[in-house]
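Take our numbering: the last position of the sequence shown gets the number 605, and nothing is skipped along the way.
For reference, the structure discussed in these notes is given below.
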Amino acid sequence: MSADPDSTTSAAADAAAAPLDLLLTDAAVGMLRRVNPGGSGLRLAAALVSRPQLVAGRGRQLLGELGRIAVGTSQVQPSRRDRRFADPGWAGNPLLRRVMQAYLAAGESAEGVVADAGLDEKDAERVGFVVTNLIDALAPSNNPLLNPAAVKAAVDTGGGSALTGLRHFFADMAAPPRVPSMVEPDAFEVGKDLAVTPGSVILRTPELELIQYRPATATVRQVPLLIVPPVINKFYVMDLAPGRSMAEYLVGQGLQVFMISWRNPDARHAKWDLDTYGQAILDAMDATARITGSEQTVLAGACSGGIIAAMVAAHLAHTGQQDRLAAVTLMVTVLDQARAGLASAVIDERTAELAAAASRARGYLDGRSLAEVFAWLRPNDLIWNYWVNNYLLGRKPPPFDILFWNADTTRMTAGLHRDFLELGAANALVRPGAATMLGSPVDLATVDLDSYIVAGITDHICPWQSCYRSTQLLGGRPRFLLSTSGHVAAMVNPPGNDKARYQMATKCPDDPQKWLRIAETCHGSWWPDYAGWLAERCGEERAAPEDLGGGGLAPICEAPGTYVYDR
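Next comes the structure, spelled out in structure tokens:
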């Protein structure tokens with residue numbers, strides 16, 4: 039992250055609360071399914087009917103607290119991290135203070151009833167999600183007549199802030215994803231503000247453009263690095279603004295860096311599946327080998343791109359071609375997709391089938407639907423925070439490069455959507471041969487290579503413990519690094535941030551908690567450690583090439599290419 043970002047914006051950049059298969063399911067079948075507790079709600083009602091003393095006890099506690107609130111003796115206070123009530127008006131105005139305290143007390147009571155109802159884990163997770171979202175929506179800070187900052191803004195502007203907020207509201211609701219804008223659509227320009235590391239597209243296929251970045255040092259390492267970004271976002275999360283670009287940093291360390299820029303598919307590409315994307319990675323590896331003359335490549339994948347990259351590595355191992363790889367990197371990637379918590383509560387085989395059918399009918403999964411799912415999974419950070427800022431205060435959201443990238447959505451082909459859902463439902467990658475890649479049974483243990491595995495300790499899409507499981511699934515020598523950040527910030531972690539921390543250890547025991555106990559906390563960015571690890575595996579130094587391309591491949595156009603602009 040940037041050196042000193044706004045904490046709310048930082049939380050929004052990393053916000054999400056579910057594994058990949060859950061996000062892909064909800065994006066296809068819609069969020070209304072999630073806010074309907076269904077049978078779980080009926081079982082909660084039955085549990086409360088059978089335990090009237092529970093409801094009565096909670097009711098008495100709440101009435102007692104409301105009495106203390108009324109007479110001004112209540113000690114109920116919001117958490118220091120709860121920015122909804124940061125305005126001094128909430129504490130200074132007696133009426134607003136009582137409204138805030140009553141809301142907090144009622145919310146705590148509602149959550150307590152659910153927690154004490156004795157539901158099984160699945161029902162508790164599902165009902166808890168609905169109750170928490172309802173409580174968040176009813177916060178008095180979301181009410182324009184109660185929010186002191188909104189009232190002050192309306193008075194100061196003669197009602198102008200309210201009118202501006204209404205315009206913002208109608209503009210956001212006019213088209214999907216119909217959630218408050220987190221960043222202005224013209225806040226940045228790709229190719230001008232973002233994705234500006236010099237380079238050229240040296241290969242274009244129906245699936246991808248391959249970018250070769252121009253060397254920035256007199257010498258370069260012989261073995262190239264091929265980065266496989268997520269397939270459900272644009273590539274430039276790995277090449278953000280200057281000073282915040284991983285591609286820029288690694289090029290500056292003398293590495294030969296190549297980046298895949300995935301095409302934004304449409305209905306014409308509905309049949310593209312895991313094999314299609316796996317073959318595309320092999321095509322990119324062929325190109326890097328032709329250009330650099332190196333027989334080996336370091337393959338680095340992020341999130342969904344990491345899943346495919348790991349499966350390609352297993353395919354190469356099965357076919358006797360593992361020597362084409364020098365090492366593997368997985369960033370915020372979950373290979374063991376054993377579902378837990380909310381995911382296990384809301385996904386079943388029937389739901390997965392409905393999700394696959396929905397994308398199959400259209401030919402793709404709309405990225406705007408996925409953006410809506412992300413937003414509603416963390417409503418305080420991604421909905422109500424911007425509701426207040428954009429609509430109640432009539433302000434524009436602050437510019438932030440990661441949120442701009444997040445809003446630059448892409449589609450996912452129906453075939454790939456189906457395959458990812460099936461991988462998640464069967465947790466196929468943990469069982470040798472349960473999944474295939476290009477006709478080869480996937481056995482991750484046969485990937486006998488050094489691996490560098492990165493996770494974020496506050497990552498809710500790819501929980502760090504699940505990422506850690508890759509150290510036990512892959513063969514070879516793993517190096518696991520845990521960043522003290524979330525999903526996106528774990529990758530966008532440039533040097534210069536004094537608050538940055540990461541943990542690492544020389545050994546990777548089978549239990550992630552054992553690893554955590556022996557891990558050492560290091561200050562700063564993990565990028566320098568990664569660059570050093572790569573340097574040890576990317577061969578000797580040689581003179582940097584004067585021109586890009588080679589081996590019969592010539593530059594097609596300047597980076598960031600053309601596919602990144604597809605809408």
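For every residue, glycine included, the Cβ atom is placed at its ideal position computed from N, Cα and C.
One thing to note: Val269 has its Cβ no nearer than 9 Å to the Cβ of Ala285.
Excluding five sequence positions before and after Pro550, the CB atoms of its chain that fall closer than 8 Å to its own CB belong to Trp502, Gln503, Tyr506, Arg507, given in chain order. Short of 8 Å from the beta carbon of Gly590, and not among the five residues preceding or following it, lie these beta carbons of its own chain, in chain order: Arg328.
Contact annotation, Leu572 with Gly237: C-beta distance approximately 18 Å; criterion of less than 8 Å not satisfied. Put simply, of Gly588, Ala393, Leu142, Cys576 the residue whose alpha carbon is nearest the alpha carbon of Leu293 is Cys576. Residue pairing of Glu574 in beta bridges, as defined by DSSP: absent, with no partner found. Assignment of beta-bridge partners to Phe296 by DSSP yields Gln250, Leu264. In the structure shown, the three-state DSSP call for Gly237 is strand.
Rounded to the nearest whole angstrom, the CA to CA distance from Phe518 to Arg205 is 48 Å. The DSSP-derived three-state label of Arg416 is coil. Of the candidates Leu520, Trp564, Thr474, Pro516, the residue whose Cα lies closest to the Cα of Asn535 is Trp564. Pairing Pro593 with Ile240 gives a Cβ-Cβ distance under 9 Å.
The three-state reading of DSSP puts Asn535 in coil, since its state is none of H, G, I, E or B.
Non-local beta-carbon contacts of Glu558 in its own chain, meaning distances under 7 Å to residues more than five positions away in sequence, involve Gln541, Met542, Ala543 in chain order. In the assembly as shown, Gln139 is a buried residue. Its beta-carbon has 16 or more other beta-carbons within 10 Å. Between Arg400 and Ala305, the beta carbon gap of about 7 Å places them in contact (Cβ cut-off 8 Å). The criterion of a C-beta distance shorter than 9 Å is not satisfied by Val370 and Cys560. For His561, the three-state secondary structure derived from DSSP is strand.
When DSSP reads this structure, Ser407 sits in no beta bridge, so it has no partner. Check the Cα spacing between Gly316 and each of Gly281, Ala352, Gln291: the tightest is with Ala352.
Bounds of the beta strand (DSSP E) holding Glu579 are 579–581.
In this structure, the CA atom of Phe123 is about 14 Å from the CA atom of Pro132. Counted as a single uninterrupted DSSP element, the beta strand (DSSP E) harbouring Phe518 occupies residues 516–521. Cα atoms of Asp374 and Glu391: separation of roughly 21 Å, rounded to the nearest angstrom. Proximity of the segment 153–162 to the segment 113–127 falls short of the contact definition, fewer than three beta-carbon pairs being nearer than 8 Å. In this structure, the alpha-carbon of Pro532 lies about 6 Å from that of Arg282. Leaving aside the five residues that flank Asp446 on each side, the residues in its chain whose CB is nearer than 7 Å to its CB run, in chain order, Lys272. The distance from the Cβ of Leu363 to that of Thr330 is about 14 Å, inconsistent with a contact at the 8 Å cut-off.
Taking C-beta atoms as the reference points, Ala279 and Thr484 fail to come closer than 9 Å. Secondary structure note for Thr326: its alpha helix (DSSP H) is the uninterrupted segment 312–330.
The C-beta separation of Glu222 from Pro435 comes to about 6 Å, placing the pair in contact by the 8 Å criterion.
Of all alpha-carbon atoms in Asp567, Thr600, Trp443, the one lying nearest the alpha-carbon of Ala225 is that of Trp443. Here Asp277 has Ala233, Thr235, Ser283, Ala285 as same chain residues with Cβ atoms under 6 Å from its own Cβ, once five neighbours each way along the sequence are excluded.
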